[in-house]
Amino acid sequence: MMLRFSVVLAAVLIGALPVFGQAPAGHEHTGEIPGLKKEMFAGITADDLLKLGDKPKTVKVVLVATFNAANYGMNFNGFSHGQAVLTVPKDWTVNATFINPSPIPHSAIVIEKPDTKKLQVAEPYFAGGAVKDHLKGLSMGKADFSFVADEAGEFALACGFPAHAATGHWITFNVSADAKVPTLKLGDLPEKEIK
Ligand SMILES: [Cu+2]
């Protein structure tokens, strides 16, 4: 338990260092993490978390780790701690692109929601639902992955780098047996249908 706590704490401190060097305390949601390759995510916004794909019953998900300094950079497109909610109808295919423009390694993996509290998760819940070597992560890089959301439930799109999900580096991913269209809810904004 002590070891686990120390690892989590170390991860937070490592993630926080660039912020302390740049932004005044309390401004971490508007600041930036230094050293980002900004051209890697130029034009990408939070709305790119969920778009319809080219083919029927597919969605396109673009996850940018360290999009800004929120949660010390441990966010996807600015959101952490499950506060962006993606919902896709059951049996739809998810084509995801993960981008990390920062020198600190991150990754992406679909896991069951309670597993966000774990230090690390070995395998994605849905086959194919993770970037390669998600425990190692990648820095200044980009990776695609694809999976079929063939079971309804509450999941998370989480960073698979050890301890990052436990410190909030995840967004909510729901698979719904009832939904007819995908929906996206960004923080406190109303949920919107993606069509
Ligand atoms: Cu991470």
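Just so you know, numbering that gives the first Met the number 0 puts 2 at position 3 of the sequence shown, and the rest follows in order with no gaps.
From the three backbone atoms N, C-alpha and C, an ideal C-beta is built for every residue, glycine too.
Keep in mind it's a predicted model, so treat the numbers as computed, not measured.
In terms of side-chain proximity, the C-beta atom of Phe78 is found no nearer than 7 Å to any non-hydrogen atom of ligand 1.
With a threshold of 7 Å, the Cβ atom of Ala126 does not count as near ligand 1, since no heavy atom of the ligand is closer than that. Leaving aside the five residues that flank Leu183 on each side, the residues in its chain whose CB is nearer than 8 Å to its CB run, in chain order, Asp46, Leu48, Leu49, Ala83, Val84, Leu85, Thr86, Glu190, Lys191 and Ile193. For Phe160, the shortest separation between its Cβ and any heavy atom of ligand 1 lies below 7 Å. For the pair Leu118 and Phe125, the Cα-to-Cα distance works out to about 19 Å. With a cut-off of 7 Å, the C-beta of Met73 is classified as near ligand 1, since at least one heavy atom of the ligand falls inside that distance.
Selection Leu35, Thr96 and Ala69 evaluated against Val58 yields Thr96 as nearest (Cα-Cα).
Minimum Cα-Cα distance from Pro113 among the listed residues Phe154, Lys141, Leu137 and Pro102 corresponds to Phe154. Between Glu111 and the set Val61, Gly159, Leu51 and Lys131, the nearest pair of CA atoms involves Gly159. Collapsing the DSSP output to three states places Pro181 in coil. According to the DSSP assignment, Phe172 belongs to the beta strand (DSSP E) that extends over Trp169 to Ser175.
Counting the other CB atoms within 10 Å of its CB gives Leu188 a total below 16, which places it among the exposed residues. When rounded, the separation of the alpha-carbon atoms in Pro181 and Pro88 is 6 Å.
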